[in-house]
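Protein chains in written order, with UniProt numbering: chain L, 1 to 388; chain R, 1 to 388. A short write-up of the structure that comes next.
2 protein chains.
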Amino acid sequence: MPTSIPADSVGLVQPQQFQFDQPLELACGRQLDSYSLTVETYGTLNADRSNAILVCHALSGNHHLAGYHSMDDPKPGWWDSAIGPGKVIDTNRFFVVGLNNLGGCHGSSGPNQPNPETGAPYGPDFPIVTVPDWVQSQARLADRLGIQQWAAVIGGSLGGMQALQWAIDYPQRLRHCIIIAAAARLSAQNIAFNEVARQAITRDPQFHDGHYYAKQAIPKTGLMLARMVGHITYLSDDGMREKFGRDMKSGKLSFDLSPQFEIESYLQYQGERFSAAFDANTYLLMTRALDYYDPAASFGDSLSEAVRGAQCKFKVISFTTDWRFSPERSREIVDALIDAGKAVSYAEIDSPQGHDAFLIPIPRYMEVFGACMGQVAADIPSSAQESR
Amino acid sequence: MPTSIPADSVGLVQPQQFQFDQPLELACGRQLDSYSLTVETYGTLNADRSNAILVCHALSGNHHLAGYHSMDDPKPGWWDSAIGPGKVIDTNRFFVVGLNNLGGCHGSSGPNQPNPETGAPYGPDFPIVTVPDWVQSQARLADRLGIQQWAAVIGGSLGGMQALQWAIDYPQRLRHCIIIAAAARLSAQNIAFNEVARQAITRDPQFHDGHYYAKQAIPKTGLMLARMVGHITYLSDDGMREKFGRDMKSGKLSFDLSPQFEIESYLQYQGERFSAAFDANTYLLMTRALDYYDPAASFGDSLSEAVRGAQCKFKVISFTTDWRFSPERSREIVDALIDAGKAVSYAEIDSPQGHDAFLIPIPRYMEVFGACMGQVAADIPSSAQESR
């Protein structure tokens with residue numbers, strides 16, 4: 001926890017709740033009659049409302065991007081390394097918006113929140129939402145905030161899919177699209193890992209077909225296993241070797257089932273911590289959103305056609321040892337954008353940290369990202385620039 | 001099941017049981033006062049007893065390498081593609097020996113077999129055995145069969161670790177060592193995947209601390225999850241893409257938790273089949289043997305020093321898309337052997353099938369392996385050759 005707030009932090013922040021009563025039609029055919037989004041913002045919206053940045057979160061992220069909720073907060077928001085005064089996403093220049101996506105478990109309408117029709121948690125009755133559904137709900141949030149056009153929509157991993165979808169669905173409403181460590185669709189291997197996670201959760205006896213809230217139960221084992229599998233795929237083989245190697249907990253083998261190697265204790269710890277903090281139904285829903293995402297599917301399997309209507313400038317960033325969303329997947333996005341004649345630049349960052357790299361302030365990554373944000377700032381219409 | 005036995009099959013075969021009453025000292029410090037090994041052999045041992053081949057099995061393998069146990073057998077032994085009259089491991093030339101390793105669940109002494117002291121299944125009281133322990137027990141089996149020196153010891157994956165250990169522990173007792181899709185030690189990532197499997201099994205409420213036999217219970221969910229994770233790591237990303245891609249079960253999304261993609265159904269099926277056929281305590285034990293294997297550890301972390309005493313010729317084979325036991329790991333073995341001045345040749349086979357490739361009769365693999373077995377045959381001492 002911070003004894004004092006660092007000078008380059010956005011400081012103490014509080015989430016806001018936004019209620020929406022206009023029904024939202026979802027890809028699954030159902031609709032949400034009303035819903036609520038939990039939102040955090042940092043920095044100041046300029047008079048033109050033209051300096052706003054939307055940051056979309058990944059599987060386990062939320063609205064709390066940066067800063068602290070209290071002086072007792074053990075750690076800052078999940079992208080504090082990139083967001084703050086003078087940081088890459090500079091809150092002296094930009095008005096930054098983060099939200100917990102629909103179906104999340106950090107305050108927005110989702111499985112762990114009350115269904116207005118019953119007063120009890122939605123549980124498994126919360127509809128399965130997709131990346132386009134999220135983008136639609138984010139567009140309504142932009143309307144509410146009076147933001148007609150984002151200076152940039154930015155996201156890593158599942159967040160990058162949302163950024164890409166913004167460019168497809170609302171081409172007039174963003175000037176820059178920054179897609180980090182993402183893919184235009186998951187591979188079979190990725191779906192397979194997600195399915196292991198789902199099986200671990202749904203077969204946990206504490207899952208009760210998703211109605212565990214009423215039973216005062218939590219499918220902790222399932223969530224722990226899901227997170228352990230996930231965590232392995234977020235790190236690289238090389239990165240794990242560097243960080244853990246074959247280091248033993250006690251220096252020698254004890255020939256029993258207790259953790260013998262440091263990597264085992266680490267994963268158990270990560271898994272257990274996660275299982276105490278995250279909602280199982282949300283995990284299922286987020287992995288389904290990942291699996292289903294495939295913007296090319298409705299354009300004859302052509303990603304080039306899917307992005308043809310986009311108007312913004314694109315930046316695509318990948319990391320050399322990311323095998324969950326490998327550079328190859330990023331290059332597919334870049335190739336489609338080039339094929340469609342879009343303005344795109346691409347950077348592949350050398351890093352041993354695997355998929356996790358997108359959350360780490362690697363110097364070269366921050367340089368590239370910073371140059372990109374300089375472009376975003378330069379493209380803020382001049383009347384707004386002058387008014388600052 | 002075979003309506004008729006193929007001409008190049010070893011045909012109908014039966015396992016034999018070998019009882020050993022000389023205590024076996026184990027690496028963990030415990031000993032087995034007596035134990036039993038389940039064994040299958042194919043072909044004929046020559047007068048010199050010099051044409052014997054030992055095939056060591058991997059994590060889920062056993063003694064049943066080739067042929068059928070009955071005309072109702074749904075499929076042949078696990079390496080039937082490589083073993084038989086006229087096949088790569090030619091049973092017209094060689095006497096082939098397969099065994100279920102100690103701690104296995106297919107008849108040899110192990111967790112699901114009676115502890116002679118109590119009459120009840122050993123369960124978790126069966127000692128954790130290591131690759132060197134297995135090799136020691138295999139050497140005693142060789143003694144019993146009157147085989148002073150193997151023409152070759154061959155193994156893939158965990159089996160390859162046993163072959164390597166033979167060359168280290170019993171340099172006089174093998175002429176050729178064939179190490180396929182293996183590693184001289186697991187990486188942190190490999191250990192991590194094994195730990196997910198162990199957590200899935202040991203946290204299954206049906207596991208009962210390993211004493212599930214007495215409860216008429218089976219930790220099926222844990223075993224299923226373990227196998228699903230394992231299976232993903234045995235295939236390659238490319239191979240999965242080729243085989244499954246994003247093919248849907250029903251042609252379109254149904255927006256529920258049932259399997260939507262072919263890869264999901266496939267993994268569930270594989271996992272469920274495995275959980276009905278394999279013993280959970282054995283799975284735990286086999287993964288520990290994998291994790292612990294590290295012959296360099298007792299030679300100042302130098303694999304070159306570990307293999308310095310070896311006398312046999314080595315063949316090391318890897319597969320391009322194998323990421324569980326990558327070509328890089330095989331090259332570490334090759335480099336150590338070269339450094340130690342040993343006779344070694346190495347082949348990296350181009351294949352999309354990942355780790356599973358070692359079980360598949362890929363033409364180039366079979367050519368390379370066949371040439372190698374020609375060498376093994378040529379090195380059978382001439383008196384024996386003449387007597388054939």
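Just so you know, even glycine gets a beta-carbon here, dropped at the ideal spot from N, CA and C. Just so it is clear, the structure is predicted and the values come from calculations on it, not from any experiment.
Query                                                                                                                                                                                     : Result
Starting from Gly245 of chain R, find everything on chain L with Cβ-Cβ shorter than 7 Å and list it in chain order.                                                                       : Ala188
I need the DSSP call for Asp72 of chain R, collapsed to helix, strand or coil.                                                                                                            : coil
Starting from Gly155 of chain L, trace the beta strand (DSSP E) both ways and give me its first and last residue.                                                                         : Ala152 to Gly156
Between the stretch 199-211 of chain R and chain L, which residues of the former have a C-beta closer than 9 Å to a C-beta of the latter?                                                 : Gln199, Ala200, Thr202, Arg203, Asp204, Pro205 and Gly210
Would DSSP call Phe299 of chain R helix, strand or coil?                                                                                                                                  : helix
I want to verify the contact list: residues of chain L whose CB lies under 7 Å from the CB of Cys28 of chain R, in sequence order.                                                        : Phe255
Taking all protein chains shown into account, decide if Gln16 of chain L is buried (16 or more other Cβ within 10 angstroms of its Cβ) or exposed.                                        : exposed
Determine the burial state of Gly61 of chain R: buried for a count of at least 16 other Cβ atoms within 10 Å of its Cβ, exposed for fewer.                                                : buried
Hey, out of L:Ala151, L:Tyr283 and L:Arg246, whose CA is closest to Ser265 of chain L's CA?                                                                                               : L:Arg246
Sorted by chain position, which residues of the same chain lie with C-beta nearer than 6 Å to Thr130 of chain L's C-beta, five sequence neighbours on each side aside?                    : Ala27, Ala289 and Tyr292
In chain R, which residues lie with their C-beta within 7 Å of the C-beta of Ala296 of chain L?                                                                                           : Correct list: empty, because the minimum Cβ distance to chain R is about 10 Å.
Could you give the uninterrupted runs of the beta strand (DSSP E) lying entirely in the stretch 249-334 of chain R, keeping only those of 3 residues or more?                             : 313-319
I'd like to know whether the C-beta atoms of Ala52 of chain L and Val97 of chain L end up nearer to each other than 8 Å.                                                                  : yes
Kindly indicate which three-state DSSP category Ala378 of chain L falls into: helix, strand or coil?                                                                                      : helix
Mind checking the stretch 26-60 of chain L against chain R and listing, in chain order, the residues whose C-beta falls within less than 7 Å of any C-beta there?                         : Cys28
In its own chain, which residues sit with a C-beta less than 6 Å from the C-beta of Ala82 of chain L, not counting the 5 before and 5 after it?                                           : Val88 and Ile89
So which residues of chain L does Gln268 of chain R contact, with C-beta pairs closer than 8 Å?                                                                                           : Glu195 and Gln199
Along the beta strand (DSSP E) that carries Ala347 of chain R, what are the first and last residues, could you check?                                                                     : Val344 to Ile349
For Ile179 of chain R, list the residues DSSP reports as bridge partners.                                                                                                                 : R:Gly155 and R:Val316
Return the bridge partner residues of Gly98 of chain R from the DSSP annotation.                                                                                                          : R:Glu40 and R:Val55
Measuring only between beta-carbons, confirm whether Ile191 of chain R sits less than 8 Å from chain L.                                                                                   : yes
What is the residue span of the alpha helix (DSSP H) that Gln136 of chain L lies within?                                                                                                  : Val131 to Leu145
Classify Pro205 of chain R as buried or exposed, calling it buried when 16 or more other Cβ atoms lie within 10 Å of its own Cβ.                                                          : exposed
Less than 7 Å between C-beta atoms, sequence neighbours within five positions excluded: which residues of the same chain meet that for Ala194 of chain L?                                 : Reading the sequence as shown, one finds Asn at residue 194 of chain L and not Ala. Excluding positions up to five away in sequence, the list reads Thr287, Leu290 and Asp291.
Give me, in chain order, the residues of the same chain whose beta-carbon lies closer than 6 Å to that of Pro127 of chain L; leave out the 5 immediate sequence neighbours on both sides. : Leu26, Cys28 and Arg30
Just how far apart, CA to CA, sit Leu164 of chain L and Ile179 of chain L?                                                                                                                : 7 Å
Name the residues in the stretch 280-292 of chain L whose C-beta lies less than 8 Å from a C-beta of chain R; which are they?                                                             : Leu284, Arg288, Asp291 and Tyr292
Taking the C-alpha atoms as reference points, what is the distance between Thr118 of chain L and Pro124 of chain L?                                                                       : 14 Å
Between Ala66 of chain L and Gly230 of chain R, what straight-line distance do the alpha-carbon atoms span, to the nearest angstrom?                                                      : 37 Å
Counting C-beta neighbours from all protein chains within 10 Å, is the total for Asn112 of chain L 16 or more, i.e. buried, or is it exposed?                                             : buried
From the DSSP output, which residues share a beta bridge with Pro121 of chain R?                                                                                                          : R:Pro114
Any beta-carbon of chain R closer than 8 Å to the one on Pro15 of chain L?                                                                                                                : no
Would a check of beta-carbon distances place Phe18 of chain R closer than 8 Å to chain L?                                                                                                 : no
For Phe207 of chain L, which of helix, strand or coil comes out of DSSP?                                                                                                                  : coil
Going along chain R, which residues have a C-beta under 7 Å from Asp237 of chain L?                                                                                                       : Ser187 and Gln189
Exposed or buried, what is Pro74 of chain R when buried is set at 16 or more other beta-carbons lying within 10 Å of its beta-carbon?                                                     : exposed
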